[in-house]
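Just so you know, we're using full-length UniProt numbering here: the sequence shown kicks off at 1 and counts up by one. No residue lacks a Cβ here, since even glycine has one placed at the ideal position from N, Cα and C. Written below as structure tokens is the structure these notes are about.
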Amino acid sequence: MKILKFYQNENLLKVKVEIFEDLWSLQRVIFSGDAVKSKSVRRFKANESDVGELKDVMVTVVVEKTELDKTAQRLRIAGKIVDGSPLEYIRLGSYHTINVAAGDVIDIIKLKWPDYLLSVVRNAVSESRRPLLGIIAVDDEKALPAYLLAYGIEFRNEIYSNLSKKMSQKDFQEQLNKYFDAIVNEIKDMAVDTVIVAGPGFTKDDVQKYMQSKGIEKTLNKRLIFESTSNAERSGVYELIKSDKTSSLLEKERIRAEFILMEKFLHNLSIGLHVYGIENVSDAIGNYAISMLLVNDGVLGDPQIQKALAEAEQKGIHIEVFNSSDEAGQQLHAFKDIAGI
Numbered sequence: 001m002k003i004l005k006f007y008q009n010e011n012l013l014k015v016k017v018e019i020f021e022d023l024w025s026l027q028r029v030i031f032s033g034d035a036v037k038s039k040s041v042r043r044f045k046a047n048e049s050d051v052g053e054l055k056d057v058m059v060t061v062v063v064e065k066t067e068l069d070k071t072a073q074r075l076r077i078a079g080k081i082v083d084g085s086p087l088e089y090i091r092l093g094s095y096h097t098i099n100v101a102a103g104d105v106i107d108i109i110k111l112k113w114p115d116y117l118l119s120v121v122r123n124a125v126s127e128s129r130r131p132l133l134g135i136i137a138v139d140d141e142k143a144l145p146a147y148l149l150a151y152g153i154e155f156r157n158e159i160y161s162n163l164s165k166k167m168s169q170k171d172f173q174e175q176l177n178k179y180f181d182a183i184v185n186e187i188k189d190m191a192v193d194t195v196i197v198a199g200p201g202f203t204k205d206d207v208q209k210y211m212q213s214k215g216i217e218k219t220l221n222k223r224l225i226f227e228s229t230s231n232a233e234r235s236g237v238y239e240l241i242k243s244d245k246t247s248s249l250l251e252k253e254r255i256r257a258e259f260i261l262m263e264k265f266l267h268n269l270s271i272g273l274h275v276y277g278i279e280n281v282s283d284a285i286g287n288y289a290i291s292m293l294l295v296n297d298g299v300l301g302d303p304q305i306q307k308a309l310a311e312a313e314q315k316g317i318h319i320e321v322f323n324s325s326d327e328a329g330q331q332l333h334a335f336k337d338i339a340g341i
């Protein structure tokens with residue numbers, strides 16, 4: 001997601017959707033009663049018997065409901081039209097659904113933009129640019145490093161082995177070690193928690209054995225995974241990313257931070273240092289008894305929750321918003337969707 005403008009005096013946030021995950025983030029911050037402005041399409045009929053013609057319009061609706069369509073990869077925002085242009089193609093007060101997809105720009109207008117909701121949007125911006133995984137596709141000729149980002153793949157400069165069958169056994173081994181050292185240095189420099197080393201044949205296995213023999217794996221502050229691909233080209237990287245194992249790995253990476261916080265809450269629960277449920281949390285906020293709030297995104301539109309979060313924000317209490325569909329979010333749901341640490 002890209003924040004194009006934020007007009008604080010007007011409480012208007014203009015954003016550009018870049019990837020599907022941005023739609024999920026937007027659904028978390030768009031509530032009933034907000035106004036949303038975007039380009040859309042309306043069917044215009046010159047008269048009642050007319051079939052009608054689709055016209056491009058700019059409309060503003062007061063939101064009544066939102067729905068994330070994972071199949072069509074769009075966010076549907078439904079409500080009454082309160083403004084728009086050209087006026088001849090719209091009818092003020094009529095219902096309309098804005099379909100938001102990757103590439104679209106929308107304005108979101110609230111009575112007030114609280115910091116915790118702006119944080120949800122800003123986190124979506126930073127997450128879309130943060131490398132999710134490091135990948136190195138290797139064979140006996142070259143290694144191709146790449147970063148998997150939320151919005152695509154960023155390929156780095158290739159590392160060449162410079163090996164030749166004409167080399168003596170000693171020279172060949174020395175050059176092979178240099179090649180492996182270059183791969184190891186690339187892994188060390190990758191600003192990620194997990195790196196997948198993949199490729200055809202035995203080179204990836206030889207890299208692993210080399211690292212084990214030097215004790216490198218133990219000193220790396222990274223998780224290394226070794227996988228097979230049909231080649232060490234860009235197509236091999238894409239092949240790896242499409243695999244079920246990588247998809248599962250990405251999902252686990254995404255929810256790990258929430259699990260850490262949930263474990264901290266459960267630990268406090270076991271020793272009696274905890275609050276959960278809106279009534280208890282509200283009291284704890286008023287008494288400055290907590291330093292952090294955990295809240296599920298599914299209840300952000302609840303007036304009681306909003307009141308508690310607004311007070312927490314005023315008192316400098318940190319707010320973490322969970323994905324209610326993840327396992328950590330489901331655990332939090334068992335504690336009435338809001339908890340204090």
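What is the rounded straight-line gap between the Cα of M1 and the Cα of S38? Working through the sequence shown from its first residue, we reach residue 1 at position 1. Working through the sequence shown from its first residue, we reach residue 38 at position 38. Taking the straight line from one Cα to the other gives about 16 Å.
Let me know if I271 comes out buried or exposed under the rule of 16 or more other beta-carbons within 10 Å of its beta-carbon. The sequence position of residue 271 within the sequence shown is 271, counting from 1. Exposed, by the Cβ-count rule.
Comparing C-alpha positions only, which one of N99, V197, L293 and E53 sits nearest to K65? Translated into positions along the sequence shown, residue 65 becomes position 65. The option with the nearest alpha carbon to K65 is N99.
Beta-ladder partner(s) of N280, from DSSP: Against the sequence shown, residue 280 aligns to sequence position 280. For N280, which the question treats as bridged, DSSP gives no partner whatsoever.
In chain order, which continuous runs of the alpha helix (DSSP H) of length 4 or greater are located wholly inside the region 264 to 308? 278 to 286
Would you please state the rounded distance, in angstroms, between the beta carbons of I135 and L240? I believe it to be under 8 Å. Position 135 of the sequence shown, counted from the start, is the residue given in the question as residue 135. Position 240 of the sequence shown, counted from the start, is the residue given in the question as residue 240. About 6 Å separates the two Cβ atoms, so the contact holds.
N- and C-terminal bounds of the beta strand (DSSP E) containing I90: Translated into the one-based positions of the sequence shown, residue 90 becomes position 90. Here I90 belongs to no beta strand (DSSP E), and DSSP marks it neither H nor E.
Contacts around V105, its chain only, beta-carbon distance under 8 Å, and the 5 residues preceding and following it disregarded: Sequence index remark: in the sequence shown, residue 105 carries index 105 (1-based). The residues are L4, K14, V15, K16, V17, S38 and K39.
Report yes if the C-beta distance between I77 and Y95 is below 9 Å; otherwise report no. As a first step, residue 77 must be located in the sequence shown, where it is residue number 77. As a first step, residue 95 must be located in the sequence shown, where it is residue number 95. No.
Residue ranges of each beta strand (DSSP E) run of no fewer than 3 residues wholly in the region 97 to 177, ordered along the chain? 105 to 109, 133 to 138, 142 to 149 and 152 to 155
Excluding five sequence neighbours on each side, which residues of the same chain lie with their C-beta closer than 7 Å to the C-beta of V207? Taking the first residue of the sequence shown as position 1, residue 207 is located at position 207. The residues are V138, F180, I183 and V197.
For F31, does the three-state DSSP call read helix, strand or coil? Walking along the sequence shown from the start, residue 31 turns up at place 31. Three-state DSSP puts F31 in coil, outside helix and strand.
Where M58 sits in the DSSP three-state scheme: Within the sequence shown, numbered from 1, the residue matching residue 58 stands at position 58. Strand at M58.
For T66, list the residues DSSP reports as bridge partners. On the sequence shown, position 66 is the one that residue 66 refers to. Answer is I77.
Would you kindly check if the distance between the Cβ of G277 and the Cβ of F335 is under 9 Å? As a working note, residue 335 is residue 335 in the sequence shown. As a working note, residue 277 is residue 277 in the sequence shown. Yes, the pair counts as a contact, with Cβ atoms nearer than the cut-off.
Roughly how many angstroms separate the alpha carbons of V61 and A35, rounded to a whole number? As a working note, residue 61 is residue 61 in the sequence shown. As a working note, residue 35 is residue 35 in the sequence shown. About 6 Å.
Quick one: grab the DSSP three-state call for V237. Position 237 of the sequence shown, counted from the start, is the residue given in the question as residue 237. Helix.
Backbone CA spacing between residue 380 and S282 [nearest angstrom]: The structure shown does not extend to residue 380, since the chain spans only 1 to 341, so no value can be given for it.
With distances taken between CB atoms, is the gap from L273 to Q331 smaller than 9 Å? Position 273 of the sequence shown, counted from the start, is the residue given in the question as residue 273. Position 331 of the sequence shown, counted from the start, is the residue given in the question as residue 331. Not a contact, by the Cβ cut-off of 9 Å.
According to DSSP, is L220 part of a helix, a strand, or is it coil? By 1-based counting over the sequence shown, the position of residue 220 is 220. Reduced to three states, the DSSP call for L220 is coil.
List the endpoints of the continuous beta strand (DSSP E) containing T194. Taking the first residue of the sequence shown as position 1, residue 194 is located at position 194. Where T194 is concerned, the enclosing beta strand (DSSP E) stretches over T194 to G199.
Report all residues from its chain with a CB closer than 7 Å to the CB of L68; omit the five preceding and five following residues, and keep chain order. As a working note, residue 68 is residue 68 in the sequence shown. If we look at L68 and ignore the five residues flanking it on each side, its Cβ neighbours are L23, W24, Q27 and L75.
Nearest to D189 by CA position, among A146, A312 and L249, is which residue? On the sequence shown, position 189 is the one that residue 189 refers to. Closest option to D189, Cα to Cα, is A146.
Please state the DSSP three-state secondary structure of E6. Within the sequence shown, the letter at position 6 stands for residue 6. Here residue 6 turns out to be Phe, not Glu, going by the sequence shown. Strand.
Report yes if the C-beta distance between S243 and K204 is below 9 Å; otherwise report no. Within the sequence shown, numbered from 1, the residue matching residue 243 stands at position 243. Within the sequence shown, numbered from 1, the residue matching residue 204 stands at position 204. Going by C-beta atoms, S243 is not nearer than 9 Å to K204.
Going by the beta-carbon positions, is the gap between E127 and E258 smaller than 9 Å? Counting from one through the sequence shown, the residue named residue 127 turns up at place 127. Counting from one through the sequence shown, the residue named residue 258 turns up at place 258. Their beta carbons are not under 9 Å apart, which means E127 does not touch E258 by this criterion.
On the criterion of 16 or more Cβ atoms from any shown chain inside 10 Å, does Y288 qualify as buried, or is it exposed? Start at 1 with the first residue of the sequence shown, and residue 288 comes out as number 288. Flag for Y288 reads exposed.
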